[in-house]
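**Q** What follows is a single structure, and I will ask about it in a moment.
Numbering (the working numbering), first residue to last: 19 to 364.
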């Protein structure tokens with residue numbers, strides 16, 4: 019892909035995201051989502067591998083269906099109430115259709131089946147965009163419409179997402195698929211709290227994006243796509259593998275790392291809302307995903323490859339993202355002490 023084409027697609031992604039997150043009118047939000055979908059498709063299929071073409075086709079069909087549902091729900095709402103404003107979504111049928119549409123856009127269970135397949139067919143850099151930047155516009159729409167949506171339905175979908183994200187990731191050997199199921203599991207945590215403390219959902223999303231970016235850039239730097247190749251990286255870049263270990267544990271939500279912060283605050287808020295049983299259930303289900311994070315971390319750092327050849331270790335990796343990886347991994351592991359500063363914001 020030429021640099022000019024890459025520039026156009028990246029600019030279109032930024033434009034689509036900006037239009038969606040800054041719009042008040044449903045048609046503008048829909049247009050932004052469409053621009054985003056069309057801009058990411060060439061980035062998914064740029065390798066021209068049959069798997070990449072299949073991933074791009076699946077992504078296009080799913081996102082087109084979700085966009086049509088967004089348009090349908092907003093038109094139904096406008097038909098009954100005369101309102102095109104995003105925050106004025108009050109008709110029950112429209113709310114139900116919109117919940118399905120955004121779940122489909124995000125890859126939230128039970129509409130999650132496309133996401134692991136698409137991520138597996140895309141390159142790591144595009145996979146990073148699909149896991150973080152492409153989820154931001156639907157999350158903002160969910161944030162703006164959260165007072166109107168059905169909390170019971172969202173809670174059920176969230177628990178299902180956390181359960182399926184954990185269970186389906188257990189027997190995976192492809193790193194991209196594991197990260198896809200990790201994303202589905204994290205979306206469950208974001209969705210369960212959106213009706214009660216929407217700002218916590220955004221905080222969770224920002225920290226998730228930070229940690230996932232660190233993991234994806236590290237994997238891209240060491241050119242790893244499978245668990246079997248991840249086992250051989252310790253001898254090449256020991257420092258980077260050690261930081262990957264900590265970032266994965268942070269993504270799992272273990273204290274005293276950054277990933278514990280949103281889980282802690284969400285459990286606290288659920289308990290305040292008299293939903294202690296729900297908090298216990300989602301916490302136990304996140305132990306499933308902890309297993310495959312530990313498996314990744316074990317493969318990255320604790321397993322040594324079965325060879326005895328002596329060779330020089332690299333003290334410096336030759337890539338342009340090393341500074342970015344350093345900043346992101348430090349942020350992904352050491353932000354928990356800022357938690358006393360958060361209550362005024364939340």
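Idealized CB from N, CA, C, for every residue including glycine.
#1: Starting from the C-beta of residue 307, find all residues in its chain whose C-beta is less than 7 Å away, skip the five residues before and the five after it, and write them out in chain order.
#2: In chain order, what are the residue ranges of uninterrupted alpha helix (DSSP H) at least 4 long that sit wholly in the stretch 201-272?
#3: Go ahead and label residue 82 buried or exposed: buried means 16 or more other beta carbons lie within 10 angstroms of its beta carbon, across all protein chains shown.
#4: DSSP on residue 98, reduced to helix/strand/coil?
#5: Under 8 Å Cβ to Cβ from residue 377, same chain only, skipping five residues before and after it: list those, please.
#6: Might you give, ordered along the chain, the residues of its own chain that have their beta carbon closer than 6 Å to the beta carbon of residue 357, omitting 5 neighbours on each side?
#7: In terms of DSSP beta bridges, what is residue 66 paired with?
#8: Using three-state DSSP, classify residue 22 as helix, strand or coil.
#9: So the candidates are 175, 132, 38 and 292; which of them puts its Cα closest to the Cα of residue 72?
#10: How would you call residue 98, buried or exposed, if buried means at least 16 neighbouring beta carbons within 10 angstroms?
#11: From residue 146 to residue 101, what distance separates their C-alpha atoms?
#12: Per DSSP, which residues does residue 292 bridge with? Please list them.
#13: Which partner residues does residue 10 have in the DSSP bridge list?
#14: Where does residue 281 land, buried or exposed, given buried means 16+ other C-beta within 10 angstroms?
#15: Give every residue of the same chain whose Cβ lies closer than 8 Å to the Cβ of residue 106, excluding the five residues on either side of it in the sequence, and list them in chain order.
#16: Just confirm the distance between the C-beta atoms of residue 70 and residue 125, as a whole number of angstroms; I'd bet it's less than 8 Å.
#17: Go to residue 115, then tell me how far its alpha helix (DSSP H) extends in each direction, as first and last residue.
#18: Among the candidates 37, 263, 217 and 30, whose CA atom is the shortest distance from the CA of residue 283?
#19: Is it the case that the Cβ atoms of residue 352 and residue 235 are separated by a distance below 8 Å?
#20: Might you give, ordered along the chain, the residues of its own chain that have their beta carbon closer than 7 Å to the beta carbon of residue 57, omitting 5 neighbours on each side?
#21: Closest Cβ-Cβ distance between residue 181 and chain C: below 8 Å?
#22: Going along the chain, which residues of its own chain have a beta-carbon closer than 6 Å to the beta-carbon of residue 43, five neighbours each way excluded?
#23: Taking all protein chains shown into account, decide if residue 149 is buried (16 or more other Cβ within 10 angstroms of its Cβ) or exposed.
#24: In chain order, what residues of the same chain have a beta carbon less than 8 Å from the beta carbon of residue 362, not counting five sequence neighbours either side?
#25: Let's test the definition: count the other Cβ atoms within 10 Å of the Cβ of residue 111 and tell me whether it reaches 16, buried, or not, exposed.
#26: On the premise that residue 90 lies in contact with residue 120, defined as a C-beta separation below 8 Å, what is that separation, rounded to the nearest angstrom?
#27: Let me know if residue 134 comes out buried or exposed under the rule of 16 or more other beta-carbons within 10 Å of its beta-carbon.
#28: Out of 161, 173, 37 and 80, point me to the one whose CA is closest to residue 295's CA.
#29: Write down the C-beta distance between residue 197 and residue 137 rounded to the nearest angstrom, noting that I regard them as a contact closer than 8 Å.
#30: For the candidate residues 67, 160 and 349, whose alpha-carbon lies nearest to that of residue 88?
#31: Just tell me which of 190, 228, 240 and 168 has its CA closest to the CA of residue 142.
#32: Using a 10 Å radius around the Cβ and a threshold of 16 neighbouring Cβ atoms, would you call residue 62 buried or exposed?
#33: What number of angstroms, rounded off, separates the C-alpha of residue 233 from the C-alpha of residue 266?
**A** According to the structure data:
#1: The sequence position of residue 307 within the chain shown is 289, counting from 1. 183, 184, 187, 200, 203 and 270.
#2: 216-239, 245-248 and 256-270
#3: Indexing the chain shown from 1 puts residue 82 at position 64. That one is exposed.
#4: For the purposes of this step, residue 98 is taken as the residue at position 80 of the chain shown. Three-state DSSP puts residue 98 in a helix.
#5: Beyond the ends of the chain as shown, which are 19 and 364, falls residue 377; an answer cannot be given.
#6: Here residue 357 refers to the residue found at position 339 of the chain shown. Excluding sequence neighbours, residue 357 sits near 279.
#7: As a position in the chain shown, residue 66 is number 48, starting the count at 1. According to DSSP, residue 66 bridges with nothing at all.
#8: Position 4 of the chain shown, counting from 1, holds the residue named residue 22. Three-state result, residue 22: helix.
#9: Stepping through the chain shown from its first residue, residue 72 is reached at position 54. When each option's Cα is compared against that of residue 72, the closest is 132.
#10: Position 80 of the chain shown holds residue 98. Per the 10 Å Cβ criterion, exposed.
#11: Locating residue 146 in the chain shown gives position 128, where the first residue counts as 1. Locating residue 101 in the chain shown gives position 83, where the first residue counts as 1. So the two alpha carbons sit approximately 36 Å from each other.
#12: As a working note, residue 292 is residue 274 in the chain shown. In the DSSP output, where bridge partners are listed per residue, residue 292 has none listed.
#13: What the structure shows of the chain is the stretch from 19 to 364, and residue 10 is not part of that stretch, so it cannot be assessed.
#14: Here residue 281 refers to the residue found at position 263 of the chain shown. With 16 or more Cβ atoms within 10 Å of its Cβ, residue 281 is classed as buried.
#15: As a position in the chain shown, residue 106 is number 88, starting the count at 1. Correct list, in chain order: 95 and 99.
#16: The residue given as residue 70 occupies position 52 in the chain shown. The residue given as residue 125 occupies position 107 in the chain shown. The beta-carbon separation of residue 70 and residue 125, rounded to 18 Å, does not stay under the 8 Å limit for a contact.
#17: Position 97 of the chain shown, counted from the first residue, corresponds to residue 115. Segment 110-124, the alpha helix (DSSP H) holding residue 115.
#18: To locate residue 283, count along the chain shown from 1; it is residue 265. Answer by Cα proximity: 217.
#19: Taking the chain shown and counting its residues from 1, the one referred to as residue 352 is at position 334. Taking the chain shown and counting its residues from 1, the one referred to as residue 235 is at position 217. Their beta carbons are not under 8 Å apart, which means residue 352 does not touch residue 235 by this criterion.
#20: Taking the first residue of the chain shown as position 1, residue 57 is located at position 39. Around residue 57: 27, 30, 31 and 34.
#21: The chain inventory of the structure shown lacks chain C, comprising one protein chain alone.
#22: Taking the chain shown and counting its residues from 1, one reaches residue 43 at position 25. For residue 43, where only same-chain residues beyond five positions count, the Cβ hits under 6 Å are 102.
#23: For the purposes of this step, residue 149 is identified with residue 131 of the chain shown, where counting begins at 1. Label assigned to residue 149: buried.
#24: As a first step, residue 362 must be located in the chain shown, where it is residue number 344. Closer than 8 Å at Cβ, skipping near neighbours: no residue.
#25: Here residue 111 refers to the residue found at position 93 of the chain shown. Exposed, because fewer than 16 other Cβ atoms sit within 10 Å of the Cβ of residue 111.
#26: Residue mapping note: residue 120 aligns to position 102 of the chain shown, counting from 1. Residue mapping note: residue 90 aligns to position 72 of the chain shown, counting from 1. The Cβ separation is near 13 Å, so there is no contact.
#27: On the chain shown, position 116 is the one that residue 134 refers to. Under this definition residue 134 is a buried residue.
#28: Translated into positions along the chain shown, residue 295 becomes position 277. Comparing Cα positions, the closest option is 173.
#29: Sequence index remark: in the chain shown, residue 197 carries index 179 (1-based). Sequence index remark: in the chain shown, residue 137 carries index 119 (1-based). Confirmed, about 7 Å.
#30: Position 70 of the chain shown, counted from the first residue, corresponds to residue 88. Per the Cα distances, 160.
#31: On the chain shown, residue 142 is found 124 positions in, with the first residue counted as 1. Of the listed residues, the one whose Cα sits closest to residue 142 is 240.
#32: Start at 1 with the first residue of the chain shown, and residue 62 comes out as number 44. Buried.
#33: The count along the chain shown starts at 1 and reaches residue 233 at position 215. The count along the chain shown starts at 1 and reaches residue 266 at position 248. Taking the straight line from one Cα to the other gives about 7 Å.
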